[in-house]
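Input: a single structure, listed below in structure tokens.
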Amino acid sequence: MSLTLLIYIFLPIILFNFCVFAYTAVNNMTTQLNFIETLTSSNYKKWKQDVEIVLGLMDLDFAFIEQKPAEPTTTSTTDEKAKYEKWMKANKLSLMIMKRSISDHIKGAIKDNGNAKYFLSAIGQKFLESDKAEIGNLMDSLSTIKYDLVGSVRDHIMKLVNIATKPNNLSVTITDNFLVHQSLRSFPQQFNQLKTTYNAQKDKCSVDELITVCVVEEGSIQKEKVKGIVNFVSSSKSADYPSYKRKGGPKFYKKKHGQSHCPGGNRGHTNKPGVNQGQSHNPLGPQAVIKKEIKCCDCKQVGHKKFGCPLKKKSRSSKQTEAKRG
Numbered sequence: 047m048s049l050t051l052l053i054y055i056f057l058p059i060i061l062f063n064f065c066v067f068a069y070t071a072v073n074n075m076t077t078q079l080n081f082i083e084t085l086t087s088s089n090y091k092k093w094k095q096d097v098e099i100v101l102g103l104m105d106l107d108f109a110f111i112e113q114k115p116a117e118p119t120t121t122s123t124t125d126e127k128a129k130y131e132k133w134m135k136a137n138k139l140s141l142m143i144m145k146r147s148i149s150d151h152i153k154g155a156i157k158d159n160g161n162a163k164y165f166l167s168a169i170g171q172k173f174l175e176s177d178k179a180e181i182g183n184l185m186d187s188l189s190t191i192k193y194d195l196v197g198s199v200r201d202h203i204m205k206l207v208n209i210a211t212k213p214n215n216l217s218v219t220i221t222d223n224f225l226v227h228q229s230l231r232s233f234p235q236q237f238n239q240l241k242t243t244y245n246a247q248k249d250k251c252s253v254d255e256l257i258t259v260c261v262v263e264e265g266s267i268q269k270e271k272v273k274g275i276v277n278f279v280s281s282s283k284s285a286d287y288p289s290y291k292r293k294g295g296p297k298f299y300k301k302k303h304g305q306s307h308c309p310g311g312n313r314g315h316t317n318k319p320g321v322n323q324g325q326s327h328n329p330l331g332p333q334a335v336i337k338k339e340i341k342c343c344d345c346k347q348v349g350h351k352k353f354g355c356p357l358k359k360k361s362r363s364s365k366q367t368e369a370k371r372g
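So for the sequence shown, the working numbering puts the first residue at 47; every next one is plus one.
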């Protein structure tokens with residue numbers, strides 16, 4: 047196989063792989079740059095952290111770790127020239143990345159002397175805070191934050207731990223014992239039993255032990271909450287359920303309470319106050335009431351119905367007698 051044929055076969059494959067590698071590298075770089083938030087007046091700490099992460103991933107933090115090397119001369123070694131070129135490249139790209147992620151009004155207020163390390167330090171000088179004010183804000187946050195059963199109790203305690211570690215960097219020490227008591231004070235009344243138990247015991251617990259105990263207590267509270275909801279729904283359904291549909295049916299209810307709650311009727315009952323329900327108000331009794339209401343359709347007499355009418359029976363018997371004679 048000739049050399050020309052090999053070139054025609056493998057050259058497209060090599061070019062394709064190179065393009066894929068270049069595209070992937072550019073895409074990864076773009077993703078890393080977009081990871082940095084634009085610096086504003088309120089997010090300096092987050093912005094600085096993002097910049098340090100991205101520069102470290104791109105191997106550009108060399109300009110922050112090492113001082114600027116001396117410019118190489120004709121007598122410089124190859125290692126010295128390579129180190130100088132590496133530092134210059136890292137410094138230049140670091141400046142470009144930082145300037146790209148700064149808003150225009152802040153960028154104009156920062157003096158640029160061509161050194162990335164000094165440029166980052168100059169930005170930090172514009173966002174200096176008073177140590178006393180920062181300590182006061184942290185202590186206020188630590189004493190006012192409360193757990194409202196939204197989210198996990200573990201996350202709540204970890205948030206308090208995060209706040210408590212920041213004053214340590216400002217020469218203010220917050221002990222674990224104080225943090226445990228402050229965490230218990232931030233809990234709602236559902237944790238009163240846990241507070242009482244802890245105050246009654248002599249031994250002190252660490253923050254990690256408190257987290258473990260609180261997670262168990264949180265599980266118990268959640269179970270009680272679900273149980274209470276189920277009982278409430280069950281009692282609501284029982285209250286809304288009609289009495290005549292409950293156990294025993296309408297006959298049981300009528301027998302027990304002296305009245306029927308069946309739909310369609312309160313026959314023979316009255317709703318007047320002071321009157322005994324389920325009883326007839328005719329002095330002759332309920333049977334007399336029933337007979338009085340029965341009326342024959344033929345003879346128009348009261349006390350019997352049509353099929354039991356004496357005149358009807360007499361007429362029917364006379365017709366039968368005549369039929370026998372005929």
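Note that CB positions come from ideal geometry on N, CA and C, so glycine has one too.
Query                                                                                                           : Result
C-alpha gap between Gly154 and Asp105, whole angstroms                                                          : 27 Å
Anticipated Cβ contact below 8 Å, Lys137 with Ala168, distance rounded                                          : The amino acid occupying residue 137 in the given sequence is Asn; Lys does not appear at that position. 15 Å between Cβ atoms; not a contact.
Leu6 versus Gly265 - alpha carbon distance                                                                      : No answer is possible for residue 6: it lies beyond the span of the chain, which begins at 47 and ends at 372.
Lys352, DSSP secondary structure in three states                                                                : helix
Pair within 9 Å by beta-carbon distance, Ile257 and Met204                                                      : yes
Which residues DSSP lists as bridging Lys341, in chain order                                                    : Val348
Selected residue, minimal CA-CA separation from Val199, among Gln236, Asn183 and Ser217                         : Gln236
Inter-residue CB distance, Lys250 and Asn223 (contact presumed, cutoff 8 Å)                                     : 6 Å
Residue nearest to Met231 in terms of C-alpha spacing, selected from Ala210, Val253, Ile191 and Leu195          : One detail in the question is off: residue 231 reads as Arg in this sequence, not Met. Among Ala210, Val253, Ile191 and Leu195, the Cα nearest to that of Arg231 is on Ile191.
Pairwise C-alpha distance: Thr119 and Trp93                                                                     : 38 Å
Burial state of Met144, where buried means 16 or more other Cβ atoms lie within 10 Å                            : buried
C-beta atoms of Thr84 and Ser140 nearer than 9 Å                                                                : no
Rounded separation between Thr243 and Ser229 - CA only                                                          : 15 Å
Simplified DSSP assignment, three categories, for Leu139                                                        : helix
Exposure label - Asp186; buried when at least 16 CB within 10 Å                                                 : exposed
Backbone CA spacing between Glu270 and Val218 [nearest angstrom]                                                : 41 Å
Three-state secondary structure assigned by DSSP to Ile220                                                      : coil
Of the listed residues Glu263, Gln171, Glu175 and Phe165, nearest to Leu195 (C-alpha basis)                     : Glu263
Endpoints, alpha helix (DSSP H) assigned at Ala155                                                              : From DSSP, Ala155 is part of no alpha helix (DSSP H); its letter is neither H nor E.
CA-to-CA distance, Asn208 to Ile220, given in whole angstroms                                                   : 11 Å
Rounded separation between Thr121 and Met142 - CA only                                                          : 32 Å
C-alpha distance - Lys127 paired with Ile111, whole-angstrom precision                                          : 18 Å
Ile152 versus His202: straight-line alpha-carbon distance, rounded                                              : 35 Å
Three-way DSSP call (helix, strand, coil) for Ile59 in this model                                               : helix
Contacting residues, own chain, Cβ-Cβ under 7 Å from Asn89 (five flanking each side not counted)                : Glu83
Close beta carbons around Asp107, own chain, < 6 Å, minus the five adjacent residues each side                  : Leu101
Own chain partners of Lys341 with C-beta closer than 6 Å, once the 5 adjacent residues on each side are dropped : Val348
Rounded separation between Gln95 and Ser149 - CA only                                                           : 17 Å
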